[in-house]
Amino acid sequence: MLTCTDARYPKALRDLPDAPLFLWVMGDLAVLDRPMIVLVGARNASSLGTRMARSLAAEQSEHGYTIVSGLARGVDTAAHLASLKGGTVAVMAGGADVIYPQKTPPLPPIFSRPACASRNSPLASSPRPATSPAATA
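Structure representation (structure tokens):
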């Protein structure tokens, strides 16, 4: 857990007027200090949509950007998989240890590579519509 007073807390978040007081994180915290690009889209994305997400994520990752997305199937999953080598951040709908939606394809590499799951919900928190990344953005 990182509090907003922790030196490792992302500077980009700390500078926001409504920054979360804390984040639960797993993985390599260094990805939080790189420039970030958010890439989100449809869960039921077309094959063109997922190809475009993979292409955009891979290209931006190669240029030093951390890719930030939710953890749903479709565009989110494509973005994470394409940017695992460079770094990716999964913004979770509930606790950082709760994969939601449960239909999300398995992404175990996301937490063992340059990756970080961040959320200001306590561990083991069930996702709720009001706490989804889209609702809190």
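1 is the number of the first residue of the sequence shown in UniProt numbering; add one for each residue after it.
We treat Cβ as the ideally placed atom computed from N, Cα and C, and that holds for glycine.
Could you tell me which residues DSSP pairs with residue i in its beta bridges?
i           : result
residue 146 : For residue 146 there is no data in the structure shown, the boundaries of the chain being 1 and 137.
residue 36  : 66
Between the alpha carbons of residue i and residue j, how many angstroms are there, rounded?
i          : j          : result
residue 9  : residue 22 : 8 Å
residue 13 : residue 19 : 6 Å
residue 16 : residue 4  : 11 Å
residue 71 : residue 27 : 15 Å
residue 56 : residue 82 : 9 Å
residue 59 : residue 73 : 20 Å
residue 77 : residue 36 : 17 Å
residue 91 : residue 47 : 23 Å
residue 80 : residue 6  : 26 Å
Hey, would you say residue i sits closer than 8 Å to residue j, going by beta carbons?
i          : j          : result
residue 43 : residue 64 : no
residue 85 : residue 69 : no
residue 2  : residue 25 : yes
Going along the chain, which residues of its own chain have a beta-carbon closer than 8 Å to the beta-carbon of residue i, five neighbours each way excluded?
i          : result
residue 75 : 39, 40, 41, 42, 43, 45, 49, 50, 53 and 69
residue 11 : 33
Is DSSP giving residue i helix, strand or coil here?
i           : result
residue 136 : In this prediction, residue 136 scores a pLDDT of 45, lower than 50, which makes its location untrustworthy; the coordinate-derived value is nonetheless stated afterwards. Of the three classes helix, strand and coil, the one that applies to residue 136 here is helix, per DSSP.
residue 46  : coil
residue 15  : coil
residue 52  : helix
residue 7   : coil
residue 79  : helix
residue 30  : helix
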